[in-house]
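Taking it in order: structure first as structure tokens, then the write-up.
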Amino acid sequence: MTHRLASVVVVSLAAASSARAQPAGKQAPADDMATFEKDLDALFVPGGLTSDGAAARAGNASPSVRRRVAEVQAAIADAEAAELQRVPQISAKLTAERLNSIPPFAISIPQLGVNEIIPFFTHFYDGQVNVNVNLSDYVLRYPKLVDAAHLAEDVARQTRVSAVVSAGEDARLAYYEWVRARLQVLIAKRQLAQVRATLDQERAMFEVQRISKADLLRIESQEADATQTLDQLDNLSRLREEQLRILIGARDEEPLAVGEDIRRELAAPGAARLDDLMARAESTRADFRVLDVGIRAKEKQRDSEKANYFPKLTVFGNVEDANPNPRVFPQSDKFTHSWYVGAGLSWTLNDALVERTNVNRLTAEADELRADRENLVHGTRVEVLAAQQSVQLAVHSLDTSKKGLAAAEEGYRVRKELLAADRATAVELVDAETELTRARIAALNARVDLRVAVTQLAHAIGDDTASAR
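Following my numbering, the numbering of the sequence shown begins with 14 at its first residue and continues without gaps.
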């Protein structure tokens with residue numbers, strides 16, 4: 014729509030100018046092309062915002078990136094928790110109890126000379142330390158579980174990189190559309206000034222009855238169209254700027270100036286085989302790595318679950334100091350040390366059945382990721398081909414616009430010389446200047462299109478990924 018709005022003024026002005034054939038003497042239009050160049054120079058400010066700067070700021074301002082950063086922190090915590098599962102289970106317990114009073118128990122065996130009074134104490138103090146080690150899990154479960162946790166952490170990191178890259182590309186494209194809108198506003202203002210300058214001349218000629226009322230009304234209609242077009246483009250420019258501000262996190266009070274002079278030449282990437290570009294994209298793009306690492310993580314999780322098919326071997330030990338110690342007979346009112354160690358082998362049918370469903374679920378989730386990767390390959394292939402074609406078309410369009418600009422500049426020069434020799438009118442010079450303006454904005458648009466196409470190609474093959482890591 015923006016190209017159409019900018020061209021409305023150009024076409025309508027040309028139609029209005031060609032309809033007039035009244036002589037205007039040697040007076041040249043007040044708005045010379047040098048003014049246009051000055052306006053362009055003023056638009057591109059050294060030290061202003063560039064597409065690279067917008068992309069860098071977008072990575073810090075994007076809520077999606079902040080969410081991915083939080084996911085990375087959560088994944089790190091999960092990986093640390095998986096590492097800690099390999100630490101033996103160590104527990105300690107201190108107990109103090111007050112018991113009810115029970116009469117002492119007397120044992121009397123005269124034949125053996127036994128005559129003992131066994132008291133029952135009203136207090137109990139106990140301190141224990143327990144250690145449990147799941148030996149089978151150290152071999153069958155923990156290594157795969159830890160690997161899966163670290164792979165999940167890598168997935169989170171690559172997802173963050175992908176979010177940064179996407180935010181950067183969105184900011185670059187929004188930046189170039191903002192620059193395009195600023196250029197269109199500049200052109201629309203210039204066109205409106207041209208129409209008004211011509212309208213002033215036509216009104217003077219109408220006063221001396223050199224043109225008809227219909228001709229004057231036609232020019233006034235063109236002025237209204239040019240004013241409406243300027244209003245539309247001005248609104249579009251403000252919209253593009255607000256979109257850019259949101260993406261880069263710029264406050265309303267922060268002035269934004271265009272710091273990337275699109276008039277400078279940009280080296281376009283040369284043609285390359287689609288298969289080579291696809292191989293490059295699959296090796297560098299973060300979204301491919303997210304799926305590849307995600308598949309490996311699911312496989313590791315599945316393998317760790319298979320450990321529950323087998324019996325679990327556990328070794329354990331206990332050290333206890335108790336007063337009275339229940340293992341000491343007869344009991345005495347003092348702390349007594351005791352310990353035990355052991356090993357156990359256990360297997361639960363229900364756990365094995367449940368883990369079978371978990372293994373099937375994780376296998377299916379890995380297959381889902383494989384299907385997602387295949388879809389990504391197909392989509393990326395189309396994306397790379399379309400981006401490569403856009404670059405080629407933009408290069409051709411730029412070459413064409415350069416030829417058109419050269420022709421328009423020569424036509425303007427000739428009309429200016431003819432006007433000085435009384436062989437052309439000021440209206441014809443305005444027509445030539447209008448054509449030159451149209452050719453210049455076409456050339457500028459072609460340069461913006463080339464930068465947009467190069468940005469899209471770089472994103473498609475993953476060239477913008479390295480800076481986001």
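Built from N, CA and C at the ideal position, the CB exists for glycine as well.
- request: Buried or exposed for Leu107, please, with buried defined as at least 16 other CB atoms from any protein chain shown within 10 angstroms of its CB.
  value: That one is exposed.
- prompt: Based on the DSSP output, what are the partners of Trp352 in its beta bridges?
  reply: Trp352 pairs with Val332.
message: In the DSSP output, what is His136 paired with across the bridge?
response: Answer is Arg111, bridged to His136.
- request: Give me whichever residues DSSP pairs with Ile103 in a beta bridge.
  value: According to DSSP, which records beta bridges pairwise, Ile103 is partnered with Val144.
- prompt: Start and end of the alpha helix (DSSP H) containing Leu62?
  reply: Under the DSSP assignment, Leu62 falls outside any alpha helix (DSSP H), being part of the beta strand (DSSP E) whose first and last residues are Phe57 to Leu62.
query: Taking Ser121 as the reference, which of Ile131, Asp274, Asn113 and Ala399 has the closest Cα?
result: Of the candidates Ile131, Asp274, Asn113 and Ala399, the one whose C-alpha sits nearest the C-alpha of Ser121 is Ile131.
- prompt: Name the DSSP beta bridge partners of Phe118, please?
  reply: Beta-bridge partners assigned by DSSP to Phe118: Ile131.
message: With distance defined between alpha-carbon atoms, name the residue in Gln402, Tyr425 and Leu382 nearest to Asp462.
response: Taking only the C-alpha atoms, the option nearest Asp462 is Gln402.
field: Whole-number beta carbon distance between Val177 and Val78, since they are thought to touch under 8 Å
entry: Going by Cβ atoms, the distance from Val78 to Val177 rounds to 5 Å, so yes, they are a contact pair.
query: DSSP puts Leu358 in a beta bridge; with which residues?
result: According to DSSP, Leu358 bridges with Leu326.
task: With a 10 Å radius around its C-beta and 16 neighbouring C-beta atoms as the bar for buried, classify Lys313 as buried or exposed.
output: Lys313 should be labelled buried.
field: Same chain only: Cβ atoms within 7 Å of Arg185, ignoring 5 sequence neighbours per side
entry: Within the same chain, and ignoring the five residues on either side of Arg185 in sequence, the residues whose Cβ sits closer than 7 Å to its Cβ are Ser64, Ala67, Ala68 and Thr468.
Identified DSSP bridge partners for Val271: Within the DSSP secondary-structure output, Val271 pairs in a beta bridge with Leu62.
- prompt: Which of helix, strand or coil does DSSP assign to Pro76?
  reply: The answer is helix: DSSP assigns Pro76 an H, G or I state.
- prompt: In three-state terms, what does DSSP make of Arg453?
  reply: Looking at Arg453 - three-state DSSP - the assignment turns out to be helix.
C-beta contact flag for Arg386 and Leu304 at 7 Å: Against a cut-off of 7 Å, the Cβ pair of Leu304 and Arg386 comes out as a contact.
- prompt: For Ala74, which residues of its own chain have a beta-carbon under 6 Å away from its beta-carbon, when the five flanking residues on both sides are left out?
  reply: These residues qualify, in order along the chain: Ile261 and Gly262.
6 Å Cβ shell around Ala144 - same chain, five flanking residues per side excluded: Correcting the residue identity first, residue 144 is Val in this sequence and not Ala. Within the same chain, Val144 has close Cβ partners Pro101, Ile103 and Gly330.
task: Pick helix, strand or coil for Gln35, following the three-state DSSP scheme.
output: The predicted model places Gln35 with a pLDDT of 40, which falls under 50 and marks its position as unreliable, so this point remains unresolved.
- prompt: Terminal residues of the continuous alpha helix (DSSP H) containing Leu279?
  reply: Note, Leu279: premise wrong, no alpha helix (DSSP H); not H, not E.
Sufficient close CB pairs (3 or more, under 8 Å) joining the region 310 to 328 to the region 356 to 366: The count of Cβ pairs closer than 8 Å, one atom from the region 310 to 328 and one from the region 356 to 366, reaches three, so the stretches are in contact.
task: Taking the CB atoms as reference points, tell me whether Ala239 and Leu199 lie closer together than 7 Å.
output: Going by C-beta atoms, Ala239 is not nearer than 7 Å to Leu199.
message: Buried or exposed for Ala29, going by 16 or more other Cβ atoms inside 10 Å?
response: Confidence at Ala29 is low in this model, with a pLDDT of 39, below 50, so its placement is unreliable and the value that follows should be read with caution. Its Cβ being crowded by 16 or more others within 10 Å, Ala29 is buried.
- prompt: By the 10 Å Cβ neighbour count, where 16 or more other Cβ atoms means buried, how is Gln40 classified, buried or exposed?
  reply: Bear in mind that a pLDDT of 45 at Gln40, under 50, signals an unreliable position, so the number given afterwards is only what the model happens to contain. When all chains shown are included, Gln40 counts as exposed.
message: If you reduce the DSSP assignment to three classes, tell me which class Arg460 lands in.
response: DSSP places Arg460 in the helix class (H, G or I) of the three-state scheme.
task: Could you tell me if Ser225 is buried or exposed, where buried requires 16 or more neighbouring beta carbons within 10 angstroms of its beta carbon?
output: Exposed is the call here.
field: Reduced DSSP category for Gln344 - H, G, I as helix; E, B as strand; rest coil
entry: Coil.
- prompt: Below 7 Å between beta carbons: does that hold for Ala71 and Gly140?
  reply: Against a cut-off of 7 Å, the Cβ pair of Gly140 and Ala71 comes out as no contact.
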